[in-house]
Amino acid sequence: MVAVADPHQDGLVEAMKRLKAARGFKDYRRMLAEVKPEFVSVCPRHADQHAEMVVAAIKAGVKGVYVEKPFCRTPAEADRILAACAEHGAKVAVAHRNPYQPVMGIIEKLLADGELGKLLEIRGRGKGDRRGGAEDLWVLGSHVLNLMHRFGGDPVTCSAVMLQDGKRVTAEHVREGGEGLGPLAGNELHARYLMAKGVIA
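Take a look at the structure:
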């Protein structure tokens, strides 16, 4: 670990100690300019900071960016990041570590060999904490959806319902989400997919 950036002094001191980083910066732009890293990890909890940080890193010459999920908030932000990658020859990886767990390959082999029988259904749940519904989907749902896709294939159809306190969501339920997620609604979300491999998820 060459350097770490955190605008909060306490967080910076703690991160430098935990990561054994030689240098610390309150401004990530200064870190990029002075350290000139080849690889960075962009990991603030607040999703509204990701796109700006990733693009700044790429424009500063970083060739590899590992970014915490949610990757970004909108397709426009994603397009901006991908355009910067194409222009500067950089690559971005989203923090989806589950596909690389050795057990995933074992599960796939057991399914392919028929050792577990035919996969009929995949059930996924969020943490079920205070962030339920749309916020939980944004923050952690990508892990669940990623594994559904891995074992079920592409989604073919989807039906879903979003609820707020047991009632269907309306425009009046929209609120500003935590952690810079933007507008959200619903504290309960249910979806059913038919996947390409014939699995219901």
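Using this note's numbering, read the sequence shown as starting at 1406 and increasing by one per residue. Each residue gets a CB set at the ideal place from its N, CA and C atoms; glycine is no exception.
Buried or exposed for residue i, please, with buried defined as at least 16 other CB atoms from any protein chain shown within 10 angstroms of its CB.
i	result
P1480	exposed
H1455	buried
R1536	buried
D1432	exposed
D1484	exposed
M1600	buried
E1540	buried
A1488	exposed
L1521	exposed
A1565	exposed
D1570	exposed
D1534	exposed
A1498	exposed
I1486	buried
P1475	buried
G1546	buried
D1411	buried
N1503	exposed
Per the DSSP calculation, residue i is bridged to which residue(s)?
i	result
I1605	E1526, L1599
S1564	R1597
G1469	F1444, K1496
R1573	L1568
F1476	According to DSSP, which records beta bridges pairwise, F1476 is partnered with nothing at all.
May I ask which residues mark the beginning and end of the beta strand (DSSP E) holding residue i?
i	result
L1589	1587-1589
E1520	Element bounds for E1520: n/a, residue is neither H nor E.
E1581	1580-1582
V1607	A question about residue 1607 goes unanswered here, because the residues of the chain that appear run from 1406 up to 1606.
What did DSSP end up calling residue i once you bin it into helix, strand or coil?
i	result
R1434	helix
V1409	strand
R1428	strand
N1551	helix
T1485	Before going further, note that residue 1485 is Arg rather than Thr in the sequence given. Three-state result, R1485: helix.
G1557	helix
D1541	helix
Q1414	helix
K1532	coil
P1504	helix
R1450	coil
Contact check, residue i vs residue j under 8 Å by CB: the rounded distance?
i	j	result
E1581	H1451	Not really, about 12 Å apart at Cβ, beyond 8 Å.
V1445	A1427	At roughly 15 Å, the Cβ-Cβ gap does not stay under 8 Å, so V1445 and A1427 are not in contact.
V1579	A1596	Not a contact, Cβ separation roughly 19 Å.
V1447	E1473	7 Å
L1516	L1525	Actually they do not touch by this definition, with Cβ atoms about 11 Å apart.
Is it the case that the CB of residue i approaches a heavy atom of the ligand ZN more closely than 6 Å?
i	result
S1547	Absence of the ligand ZN from the depicted structure is noted, as is the absence of any ligand whatsoever, leaving it without description.
Chain D beta carbons: is any one of them nearer than 7 Å to that of residue i?
i	result
K1523	As a matter of chain content, chain D is missing from the structure shown, which is built from one protein chain.
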